[in-house]
Amino acid sequence: YEVDSNSVFDEDQFDSDDFFLTSRFRHIGQRTTFAFRAAFDQQKVRTAERAISDSDVDDPGDITDDDTGLTIPIGTRDKWRLTPSLEYRLSEVSSIVASVDYIDVAYDEVLLGGFVNYSDARFSLDYRRRLSNVNTALVTVTARNFESDRALEDITGFSVLAGLERNLSEKM
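Read left to right, the sequence shown gives residues 3 to 174 (the numbering used here).
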């Protein structure tokens with residue numbers, strides 16, 4: 003089990019109070035492997051004051067380059083990411099893996115509604131069968147649900163993938 007934390011508070015050279023926390027857990031059993039990753043990020047959302055430039059000019063030297071260099075903090079973004087997975091080895095050559103990838107993003111105090119809160123959930127179920135030392139056949143079924151505060155952007159989808167994975171050599 004592993005926990006990482008990274009934050010920058012009151013450091014003039016960084017001008018940031020962003021915070022990052024990541025946790026990883028992995029248990030390998032005789033026929034199963036369970037993994038869980040959780041991450042939380044809290045970051046300031048910034049925008050830069052930039053000049054309006056028209057790049058459709060005859061002389062590239064005429065392109066406006068009078069950026070002020072100012073950055074403007076416009077809010078905070080909180081992001082959660084949870085990714086559990088479970089692998090079950092059916093035999094020496096085949097396995098099934100079920101995994102979820104969930105992301106939730108929320109913005110606070112954002113000017114003019116330029117950023118939108120959203121959540122994105124993906125579920126996948128994989129079947130893998132090793133055909134040789136370099137070839138593996140796979141079938142993947144995936145479902146995804148994306149929801150945002152703007153209802154027109156909500157998406158639900160499903161996919162099926164069948165393929166052949168080939169390593170360049172047995173040692174890779």
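For every residue, glycine included, the Cβ atom is placed at its ideal position computed from N, Cα and C.
So the candidates are the options; which of them puts its Cα closest to the Cα of residue i?
i	options	result
S25	Q44, R83, G31	R83
E172	V136, T35, F125, R132	V136
D151	T35, V107, R28, T144	V107
D20	K81, T35, F27, R28	K81
F117	Q32, G77, F22, L166	G77
G165	R132, T158, D43	R132
Q45	N169, R168, I157, F22	F22
L127	Y120, N119, T144	T144
T142	D43, L163, V95	L163
E155	F36, Y120, D110, Y109	Y120
Along the chain, where does the beta strand (DSSP E) that runs through residue i open and close?
i	result
R152	Where R152 is concerned, there is no enclosing beta strand (DSSP E), given that its DSSP letter is neither H nor E.
F22	21 to 30
R132	120 to 132
V136	Neither: V136 is in no beta strand (DSSP E) and is coded neither H nor E.
S97	96 to 110
Decide if residue i is buried, meaning its Cβ has at least 16 other Cβ atoms within 10 Å, or exposed.
i	result
S93	exposed
S161	exposed
I157	exposed
S97	buried
E51	Annotation note: pLDDT 49 at E51 (below 50); position unreliable, coordinate value reported separately. Under this definition E51 is an exposed residue.
Under 9 Å, do residue i and residue j count as touching if we go by C-beta distance?
i	j	result
Y104	R124	yes
T34	E89	yes
V99	R130	yes
L38	P86	The question names Leu, yet the displayed sequence has Phe at residue 38. Closer than 9 Å, so yes.
R146	G159	yes
F27	F36	yes
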